[in-house]
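Asker:
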Amino acid sequence: MKIKLDSNSSHALWLVFDKSIKLVSTLLVIVFMTRVLGPEKFGEFSYVQSIFTIIFTFSLLGLESILVKKASENNPHEYIFTAILMRLLFAALIIPLLLIYGVAFGNDNYVLISIMTLSLIATAFHSIETWYHLNLLGRFLVKISVFSNVILLAIKFIVLLNTSNLYVICAAFAFDGIFVSIGLITLFGRSGGDYKKLKITVESFSNKSKELLSDSWPLILNSLIVIVYMRIDQLMIRSLLGDYSLGVYSVAVRLTEMWYFVPTMIVAGYYPKLLKKKKEGQAELIKELITLAKKVYKISYIAIVLIFMFSGWAISLLFGDEFLTAKEPLSILLISGVIVSLGLVRGKWIVIEELQRYTVLYLVSGLIANVILNLILIPRIGIAGAALATLLSQTVGTIIMPLFINKTRYITLALIKATFLYGR
Numbered sequence: 001m002k003i004k005l006d007s008n009s010s011h012a013l014w015l016v017f018d019k020s021i022k023l024v025s026t027l028l029v030i031v032f033m034t035r036v037l038g039p040e041k042f043g044e045f046s047y048v049q050s051i052f053t054i055i056f057t058f059s060l061l062g063l064e065s066i067l068v069k070k071a072s073e074n075n076p077h078e079y080i081f082t083a084i085l086m087r088l089l090f091a092a093l094i095i096p097l098l099l100i101y102g103v104a105f106g107n108d109n110y111v112l113i114s115i116m117t118l119s120l121i122a123t124a125f126h127s128i129e130t131w132y133h134l135n136l137l138g139r140f141l142v143k144i145s146v147f148s149n150v151i152l153l154a155i156k157f158i159v160l161l162n163t164s165n166l167y168v169i170c171a172a173f174a175f176d177g178i179f180v181s182i183g184l185i186t187l188f189g190r191s192g193g194d195y196k197k198l199k200i201t202v203e204s205f206s207n208k209s210k211e212l213l214s215d216s217w218p219l220i221l222n223s224l225i226v227i228v229y230m231r232i233d234q235l236m237i238r239s240l241l242g243d244y245s246l247g248v249y250s251v252a253v254r255l256t257e258m259w260y261f262v263p264t265m266i267v268a269g270y271y272p273k274l275l276k277k278k279k280e281g282q283a284e285l286i287k288e289l290i291t292l293a294k295k296v297y298k299i300s301y302i303a304i305v306l307i308f309m310f311s312g313w314a315i316s317l318l319f320g321d322e323f324l325t326a327k328e329p330l331s332i333l334l335i336s337g338v339i340v341s342l343g344l345v346r347g348k349w350i351v352i353e354e355l356q357r358y359t360v361l362y363l364v365s366g367l368i369a370n371v372i373l374n375l376i377l378i379p380r381i382g383i384a385g386a387a388l389a390t391l392l393s394q395t396v397g398t399i400i401m402p403l404f405i406n407k408t409r410y411i412t413l414a415l416i417k418a419t420f421l422y423g424r
């Protein structure tokens, strides 16, 4: 029997496949890199990449969802070109500033960061992805992703086989985005886009950029809080314990983040069904949310048990015995994945009920708790303390704070029951 998917479902499946390819290629690079660099140098690289990730998040200017909405209304070519120019201007500003700071103060890490930020020039053209999303052309994005990932993997492997010099390695990572941009631009015309329309007057650029930023600034703030929240533990480990400890901890973080992909995709795939249940009434929506929560948590519990059993063996096999001490923080971070899953499920409900204004409050409370707990726990119990701080701060931001808000208390209690009591 042949299953026929509608355009939206097909597009979503292509995007999941694209994300899966990126995760696998990322894991391969990390495994190879840890073998070549060892914990200390990998820790230094992880620090550089953490700072770069924060800068990259800011460079997106919160435009992804806003751009799709605006471009769907009118003048898609002008909005896309405006976004490209805005991101290029940001790159033109930040790259020389980082380089000047690094050279002037003799800070090699900031020179390395400035090298990696060269990729912002290429990734500015990723705004063209909006065109493919508007026209439900996920298959094109996957073709581009496969093409670029194969080339990037080859480049990174060749570099790592020949050197452990971080300047050269960061230069190789600066190629990230170049081949995707080439693919996006090349297939743009073949997918119905018009290159001649990718232009804009100075006045129109000024108006459209102001329009986009006026809508996107809350998203910029939200994205920055999220990424700082996700990276602050690594920055503090480096400051308090050094590069070696950060290298070991980063392995645990990378493995955990790859696992988070599973509940994220399950929840995202359930979203259309939740929207449908909302139309049937609040009771039906809550019932469906609890059903979703039970499915996600059941998978999470099974994954936690399996990874607990085999984490030591897997870390030794993939990364080497030098990274075996990553087992303890990995175990703690996996438990925090249950809290993350609760947040993902409730997050969809928050969007459906248009209560996004509370999200920043939850994130900020979690971030503050994370910083305080890291300062207390890292000096006492090392990288396991950072993982424990993450678990406790996620509990603060995802469970405790929402219980103080009337509008989110009921759903939070319902999901806690589904999570920890499994419906009893």
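Positions 1 to 424 (the UniProt record's numbering) are the ones given, in order, by the sequence shown. Where a beta carbon is used, it is the ideal one built from N, C-alpha and C, also for glycine.
Please state whether DSSP places Arg424 in a helix, a strand or coil.
Answerer: Taking the sequence shown and counting its residues from 1, one reaches residue 424 at position 424. Low local confidence applies: a pLDDT of 47 at Arg424 is under 50, so the model's placement there is unreliable, and no value is given.
Asker: Exposed or buried, which one is Pro379 when buried takes at least 16 other CB atoms within 10 Å?
Answerer: On the sequence shown, residue 379 is found 379 positions in, with the first residue counted as 1. Result: exposed.
Asker: Using CA coordinates, which residue listed in Ser127, Val146, Phe404 is at the minimum distance from Ser65?
Answerer: Taking the sequence shown and counting its residues from 1, the one referred to as residue 65 is at position 65. Taking only the C-alpha atoms, the option nearest Ser65 is Ser127.
Asker: Can you give me the Cβ contacts of residue 438 inside the same chain, cut-off strictly under 6 Å, excluding the 5 residues immediately before and after it?
Answerer: Look at the range of the chain in this structure, 1 to 424, and you will see that residue 438 is not part of it.
Asker: Roughly how many angstroms lie between the CA atoms of Glu257 and Ala174, to the nearest whole one?
Answerer: As a working mapping, residue 257 is identified with position 257 in the sequence shown. As a working mapping, residue 174 is identified with position 174 in the sequence shown. Straight-line Cα distance between these residues: approximately 22 Å.
Asker: Would you kindly check if the distance between the Cβ of Leu134 and the Cβ of Asn71 is under 8 Å?
Answerer: What you label residue 71 is simply residue 71 of the sequence shown in a count that begins at 1. What you label residue 134 is simply residue 134 of the sequence shown in a count that begins at 1. The amino acid occupying residue 71 in the given sequence is Ala; Asn does not appear at that position. The answer is yes: Cβ separation under 8 Å.
Asker: With the cut-off set at 8 Å, would you say Ile21 and Asn149 are in Cβ contact?
Answerer: Here residue 21 refers to the residue found at position 21 of the sequence shown. Here residue 149 refers to the residue found at position 149 of the sequence shown. In this structure, Asn149 lies closer than 8 Å to Ile21 by Cβ.
Asker: Three or more C-beta pairs under 8 Å: does that hold for the region 241-254 against the region 370-390?
Answerer: Yes, they touch.
Asker: In whole angstroms, give me the CA-to-CA distance for Thr86 and Ile94.
Answerer: Here residue 86 is taken as the residue at index 86 of the sequence shown, counted from 1. Here residue 94 is taken as the residue at index 94 of the sequence shown, counted from 1. Here residue 86 is Met; the residue named in the question, Thr, does not match the sequence. Going by the C-alpha atoms only, they are around 13 Å apart.
Asker: On the premise that Gly337 lies in contact with Trp259, defined as a C-beta separation below 8 Å, what is that separation, rounded to the nearest angstrom?
Answerer: Here the question's residue 259 lines up with position 259 in the sequence shown. Here the question's residue 337 lines up with position 337 in the sequence shown. Confirmed, Cβ separation roughly 6 Å.
Asker: For Ala174, which of helix, strand or coil comes out of DSSP?
Answerer: As a first step, residue 174 is located in the sequence shown; it is residue number 174 there, counting from the start. It is coil, neither helix nor strand.
Asker: So, helix, strand or coil for Thr117, using DSSP?
Answerer: The residue given as residue 117 occupies position 117 in the sequence shown. DSSP places Thr117 in coil when its eight states are reduced to three.
Asker: For Ile237 and Asn75, I'd like the C-alpha separation in whole angstroms.
Answerer: The sequence position of residue 237 within the sequence shown is 237, counting from 1. The sequence position of residue 75 within the sequence shown is 75, counting from 1. Each residue's Cα considered, the two are about 47 Å apart.
Asker: Does DSSP put Ile200 in a helix, a strand or coil?
Answerer: Residue 200 sits at position 200 when you count from the first residue of the sequence shown. Three-state result, Ile200: coil.
Asker: Just confirm the distance between the C-beta atoms of Ile220 and Leu61, as a whole number of angstroms; I'd bet it's less than 8 Å.
Answerer: On the sequence shown, position 220 is the one that residue 220 refers to. On the sequence shown, position 61 is the one that residue 61 refers to. So it is a contact: roughly 6 Å between Cβ atoms.
Asker: So His126 is in the alpha helix (DSSP H); what residue range does that whole segment cover?
Answerer: As a first step, residue 126 must be located in the sequence shown, where it is residue number 126. Careful: His126 lies outside any alpha helix (DSSP H) and carries neither H nor E.
Asker: Of all the alpha helix (DSSP H) runs that stay within the bounds of the region 229-282, which reach a length of 4 or more residues?
Answerer: Runs of the alpha helix (DSSP H) inside the region 229-282: 243-280.
Asker: With H, G and I counted as helix, E and B as strand and the rest as coil, what does DSSP make of Phe404?
Answerer: The count along the sequence shown starts at 1 and reaches residue 404 at position 404. Note: Phe404 maps to coil in three-state DSSP.
Asker: Kindly list the residues whose CB is nearer than 7 Å to the CB of Glu322, restricted to its own chain and excluding five residues on each side of it in sequence; keep chain order.
Answerer: The count along the sequence shown starts at 1 and reaches residue 322 at position 322. Closer than 7 Å at the Cβ level, and outside the excluded window around Glu322, lie Gly38, Pro39.
Asker: I want to know whether the region 397-415 touches the region 269-282 - three or more CB-CB distances under 8 Å.
Answerer: Judged by Cβ distances under 8 Å, the region 397-415 makes no contact with the region 269-282, as fewer than three pairs qualify.
Asker: How big is the Cα-Cα spacing for Lys407 and Gly320?
Answerer: On the sequence shown, residue 407 is found 407 positions in, with the first residue counted as 1. On the sequence shown, residue 320 is found 320 positions in, with the first residue counted as 1. Rounded to the nearest angstrom, the two C-alpha atoms are 48 Å apart.
Asker: If we call anything under 8 Å between Cβ atoms a contact, is Leu112 one with Cys170?
Answerer: For the purposes of this step, residue 112 is taken as the residue at position 112 of the sequence shown. For the purposes of this step, residue 170 is taken as the residue at position 170 of the sequence shown. Yes, Cβ-Cβ distance for Leu112 and Cys170 is below 8 Å.
Asker: Work out the CA separation of Val371 and Ile178 for me, nearest whole Å.
Answerer: Locating residue 178 in the sequence shown gives position 178, counting from the first residue. Locating residue 371 in the sequence shown gives position 371, counting from the first residue. Between Ile178 and Val371, the C-alpha separation is close to 35 Å.
Asker: Please look up how many angstroms separate the CB atoms of Thr130 and Leu27, rounded, as I've assumed it's under 8 Å.
Answerer: Stepping through the sequence shown from its first residue, residue 130 is reached at position 130. Stepping through the sequence shown from its first residue, residue 27 is reached at position 27. About 28 Å separates the two Cβ atoms, so there is no contact after all.
Asker: Can you look up Leu413 in the DSSP assignment and give me helix, strand or coil?
Answerer: Within the sequence shown, numbered from 1, the residue matching residue 413 stands at position 413. If DSSP states are grouped into helix, strand and coil, Leu413 belongs with the helices.
Asker: Do you know how far the Cα of Phe56 is from the Cα of Lys208?
Answerer: In the sequence shown, the residue the question calls residue 208 occupies position 208. In the sequence shown, the residue the question calls residue 56 occupies position 56. Approximately 22 Å between the Cα atoms of the pair.
Asker: Contact defined as beta carbons within less than 8 Å: I believe Tyr132 pairs with Phe140. What is the distance between those atoms, to the nearest angstrom?
Answerer: Taking the first residue of the sequence shown as position 1, residue 132 is located at position 132. Taking the first residue of the sequence shown as position 1, residue 140 is located at position 140. With a Cβ gap of about 5 Å, Tyr132 and Phe140 count as contacting.
Asker: My assumption, with CB atoms under 8 Å, is that Phe32 sits in contact with Thr117. Please give the rounded CB distance.
Answerer: Along the sequence shown, read from residue 1 onward, the residue named residue 32 stands at position 32. Along the sequence shown, read from residue 1 onward, the residue named residue 117 stands at position 117. Not quite, the Cβ-Cβ distance comes to about 23 Å (not below 8 Å), so this is no contact.
Asker: Under the rule that 16 or more other beta-carbon atoms within 10 Å means buried, what is Phe404, buried or exposed?
Answerer: Translated into the one-based positions of the sequence shown, residue 404 becomes position 404. Under this definition Phe404 is an exposed residue.
Asker: Is it true that the CB of Val180 sits closer than 8 Å to the CB of Ala172?
Answerer: Translated into the one-based positions of the sequence shown, residue 172 becomes position 172. Translated into the one-based positions of the sequence shown, residue 180 becomes position 180. Cβ distance not < 8 Å, so Ala172 and Val180 don't count as in contact.
Asker: Nearest to Ala314 by CA position, among Ser300, Ile299, Leu330, is which residue?
Answerer: Here residue 314 refers to the residue found at position 314 of the sequence shown. Ranking Ser300, Ile299, Leu330 by Cα distance to Ala314 puts Leu330 first.
Asker: Do you know how far the Cα of Thr390 is from the Cα of Glu44?
Answerer: By one-based count along the sequence shown, residue 44 stands at place 44. By one-based count along the sequence shown, residue 390 stands at place 390. In a straight line, the C-alpha of Glu44 is about 21 Å away from that of Thr390.
Asker: Please give me, in chain order, every unbroken run of the alpha helix (DSSP H) with length at least 4 that falls completely inside the region 141-187.
Answerer: Listed in chain order, they are 166-173.
Asker: Considering only C-alpha positions, which residue in the set Leu152, Ser311, Val364, Leu97 is nearest to Leu224?
Answerer: Looking up residue 224 in the sequence shown gives position 224. Checking every option, the nearest Cα to that of Leu224 belongs to Val364.
Asker: Just the C-alpha distance for Val226 and Lys278, rounded to the nearest angstrom, thanks.
Answerer: Position 226 of the sequence shown, counting from 1, holds the residue named residue 226. Position 278 of the sequence shown, counting from 1, holds the residue named residue 278. Between Val226 and Lys278, the C-alpha separation is close to 27 Å.
Asker: Grab the span of the alpha helix (DSSP H) containing Ser72 for me, first residue to last.
Answerer: The sequence position of residue 72 within the sequence shown is 72, counting from 1. From DSSP, the alpha helix (DSSP H) with Ser72 extends over 63-73.
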